[in-house]
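Numbering (the working numbering), first residue to last: 18 to 208. Beta carbons: idealized from backbone N, C-alpha and C, even for Gly. Notes follow the structure.
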Amino acid sequence: MACCDGCCDQEPCVCVCERRPMDEVAEGLTTKADKIRALFRAGYSRSEIAGFLGIRYQHVRNVLVQSGFMETQLSRPLPEQEATPEASVPVLVRAAIGPGGRVVIPAAYRKALEVDEGDYIVMQMDGDELRVVNDEKEFARVQAMIASYVPEGVSLVDELIAERRREAAAEEAEIAEIEARRAKAAAMEPT
Numbered sequence: 018m019a020c021c022d023g024c025c026d027q028e029p030c031v032c033v034c035e036r037r038p039m040d041e042v043a044e045g046l047t048t049k050a051d052k053i054r055a056l057f058r059a060g061y062s063r064s065e066i067a068g069f070l071g072i073r074y075q076h077v078r079n080v081l082v083q084s085g086f087m088e089t090q091l092s093r094p095l096p097e098q099e100a101t102p103e104a105s106v107p108v109l110v111r112a113a114i115g116p117g118g119r120v121v122i123p124a125a126y127r128k129a130l131e132v133d134e135g136d137y138i139v140m141q142m143d144g145d146e147l148r149v150v151n152d153e154k155e156f157a158r159v160q161a162m163i164a165s166y167v168p169e170g171v172s173l174v175d176e177l178i179a180e181r182r183r184e185a186a187a188e189e190a191e192i193a194e195i196e197a198r199r200a201k202a203a204a205m206e207p208t
C-alpha cells in the first residue's frame, strides 16, 4: 500500500497519516518495555514514545537496543575502517551481549552474509572464535563437499533404496525360516 501523502515508502506504511493512536497501540500491555516495543513497531519515534509514556528518551533507547531494534554505537565500524572505500564490510566490530545472549549483527555484516531478520544462520566454534555463516550457503557448501566423494553417475538415493530393499528381503527370508522351523517343530510334537 502506498503512503497517502507520499511521505513514506515503507511497507506497511508507518507514516503519521496511517499510524494507530498511541493509547490504542499500548492498550492491554502491562510493562513499559512492551509498550515501547509496540509503539516503535507502529512507527512512533523514540521522543514521541518517551513523551507519551512520561519517561526519559534514554529509557526508550535502551529498551530498543536491548530488544534488537537498534544498533549501539559500539556495534558500528570504527572510524578508521569507514574511511577506506575498498572495505565495504568492516574488519572489526565491537558488539555487546544483550539479554538472553542476544547479539545484534551490524547491517554491513548482515548484507555481506545475505541474511535478514527471520533467516537462519549456522554458528560453529573455530578454536576460540565463533564462525557465523548463511544457513543456505552452508547447506550448499556441504552438499558440494559430499558430492565430491560420490562417483559420477551414481545416485545415492537409488543406492539407499536398493540397500533398504536388500535388507527387507533378508529380513523376510529370516522370518520365513523361523516360521518354517516353528511349523516343523509343531509337526514333530506328539498330540
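- prompt: Which whole-angstrom value is the C-beta distance of residue 140 and residue 130, which I expect to be below 8 Å?
  reply: Rounded, the Cβ-Cβ distance is 12 Å, inconsistent with contact.
- prompt: What does DSSP give as the partner residues of residue 142 in its beta bridges?
  reply: Answer is 147, bridged to residue 142.
field: For residue 116, three-class secondary structure by DSSP
entry: Here residue 116 sits in helix by DSSP.
query: What is the rounded straight-line gap between the Cα of residue 49 and the Cα of residue 156?
result: Roughly 41 Å between the two C-alpha positions.
query: Between residue 137 and the rest of its own chain, which residues show a CB-CB distance below 6 Å, the 5 nearest in sequence each way excluded?
result: 152.
- request: Compare the C-alpha of residue 120 against each of 188, 206, 82 and 52 and name the closest.
  value: Of 188, 206, 82 and 52, the smallest CA-CA separation from residue 120 is found for 82.
query: Can you give the Cα-Cα distance for residue 77 and residue 41, rounded to whole angstroms?
result: For residue 77 and residue 41, the distance between alpha carbons rounds to 19 Å.
Selection from 59, 196, 110 and 182 that minimises the alpha carbon distance to residue 86: Closest in alpha carbon position to residue 86, among 59, 196, 110 and 182, is 59.
Continuous alpha helix (DSSP H) stretch holding residue 159: start and end: From DSSP, the alpha helix (DSSP H) with residue 159 extends over 152–164.
- prompt: Considering only C-alpha positions, which residue in the set 143, 144, 122 and 142 is nearest to residue 135?
  reply: Nearest C-alpha to residue 135: 122.
message: Let me confirm a value: residue 167 is counted as buried when at least 16 other C-beta atoms fall within 10 Å, else exposed. Which label applies?
response: Exposed.
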